[in-house]
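Engineer: Read left to right, the sequence shown gives residues -23 to -1, 1 to 351 (mature numbering (1 follows the signal peptide of the UniProt record, and there is no 0)). C-beta atoms are modelled at their ideal positions from N, C-alpha and C, and glycine is treated no differently. Note that the structure is a prediction, hence the values are computed from the model and not measured.
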Amino acid sequence: MRNPKLKSLLAPTLLSLAMFAGATQAAAPLRPPQGYFAPVDKFKTGDKSEGCDAMPAPYTGPLQFRSKYEGSDKARATLNVQSEKAFRDTTKDITTLERGTAKRVMQFMRDGRPEQLDCTLNWLTAWAKADALMSKDFNHTGKSMRKWALGSMASSYIRLKFSDSHPLAAHQQEAQQIEAWFSKMADQVVSDWDNLPLEKTNNHSYWAAWSVMATAVATNRRDLFDWAVKEYKVGVNQVDADGFLPNELKRQQRALAYHNYALPPLAMIASFAQVNGVDLRQENNSALKRLGDRVLAGVKDPDAFEKKNGKEQDMTDLKEDMKFAWLEPFCTLYTCPPDVIEKKHGMQPFKTFRLGGDLTKVYDPSHEKGNKGS
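(1) With a threshold of 16 other CB atoms inside 10 Å of the CB of H181, please say whether the residue is buried or exposed.
(2) Rounded to whole angstroms, how far is the Cβ of A264 from the Cβ of V216, which I believe are closer than 8 Å?
(3) Which residue comes first and which comes last in the alpha helix (DSSP H) that contains R90?
(4) Could you compute how far the alpha carbon of N286 sits from the alpha carbon of L222?
(5) State the DSSP-derived secondary structure class of L304, mapped to helix, strand or coil.
(6) My understanding is that T37 touches A109, with C-beta atoms under 8 Å, so please give their C-beta distance in whole angstroms.
(7) Tell me the DSSP bridge mates of D335?
(8) Kindly identify the DSSP beta-bridge partner or partners of L40.
(9) Just the Cα atoms here: how many angstroms apart are G128 and V58?
(10) Taking the beta carbon of Q149 as the centre, do at least 16 other beta carbons fall within 10 Å, making it buried, or is it exposed?
(11) Taking buried to mean at least 16 other C-beta atoms within 10 Å of its own C-beta, is H236 buried or exposed?
(12) Consult DSSP for G220 and reduce its assignment to one of helix, strand or coil.
(13) For P9, which of L332, K120, L40, S343 has the nearest alpha-carbon?
(14) Can you give the Cα-Cα distance for R231 and Q165, rounded to whole angstroms?
(15) Have a look at K138, A218, T78, V255 and flag the residue whose alpha-carbon is nearest the alpha-carbon of L310.
(16) If we ignore side chains and look at the alpha-carbon of each, how far apart do T337 and K321 end up?
(17) Nearest-angstrom Cα distance between Q93 and V82?
(18) Is E283 helix, strand or coil when you go by DSSP?
(19) Mind checking whether K80 and F330 have CB atoms under 9 Å apart?
(20) What's the gap between the Cα of residue 356 and the Cα of N179?
(21) Please report how far the alpha carbon of S133 lies from the alpha carbon of D294, in whole angstroms.
(22) Is L94 helix, strand or coil when you go by DSSP?
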């Protein structure tokens, strides 16, 4: 520009335009992977719906629950049957909300019956209005329940929020109340789990990060997204060169099961980050892939785990197909070999309420019409 006076006059305008362009670019709304945009399969009418179950009472009490491993040594690997029953009884309403939300969202996405949607939104709105699950009086099991519940609800809700059928269009007030509650709960989950020492950072932190990632996308909060990514990196940087997680190896006979349990939240976070322009696949030399491969090899032959920590592995959990739901996002992030794809197809559809329902429908819809139930 030859005219220096004109240049000086235009400089602030050009600068603000550049800043505006940068801000606009940075503020692209957060979104879930493509499968979450699927429309409702079919809008059915008539009275064939299962109706709305009695709503579980919003849980507003202290989040002080007994652990199912109560009385166990520091490995936390021996089940205490009595304390597990006490835990199930006291958390029943929370779990009913989680399971019911996932189940009815799946039904609504299949059948499009308005009463299924109304029922789900009524439940969530009632809990939101009651400020449920927000108690500051909590123990470790209590704060664990809070983040599990948030992850379940937010990831089911995303199916409604982003569906091309726009089911929430006529329910803006409820949507705002629910999202404000999720947002507030996510802030508390961040507070509950942030900056733990490495020796205490294990699968719980990854599940907390997943709940925050799901909420970040449900509420379009970049700060929550960034926190989930930060926690993901802490998690996968714990994976050693052989694909083991040191803090899960401490779980003795349940080490392999807990390595497997660490994978769903990590794979989901990486998948959600990917679609929002943050590629986490290579973090710590593709640690997520290394962990997945280690677990799959361990399921075939647990010897490597037994040699590593000296304990014969309890394979009970690993006989449940649903425990391998992480294969859906994992096999979109990395190229899974033919035998793993075959294993995945044999187990589908993967339905798990803690990840928001039917992951096969989201990630591999051509195989979602399997013969297995949830």
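Structural biologist: With the given structure in hand:
(1) buried
(2) 4 Å
(3) Unbroken run through R90: none, as it is neither H nor E.
(4) 12 Å
(5) helix
(6) 5 Å
(7) K328
(8) F115
(9) 26 Å
(10) exposed
(11) buried
(12) coil
(13) L332
(14) 29 Å
(15) V255
(16) 10 Å
(17) 7 Å
(18) helix
(19) yes
(20) Any property of residue 356 remains undetermined from this structure, which presents the chain solely from -23 to 351.
(21) 24 Å
(22) helix
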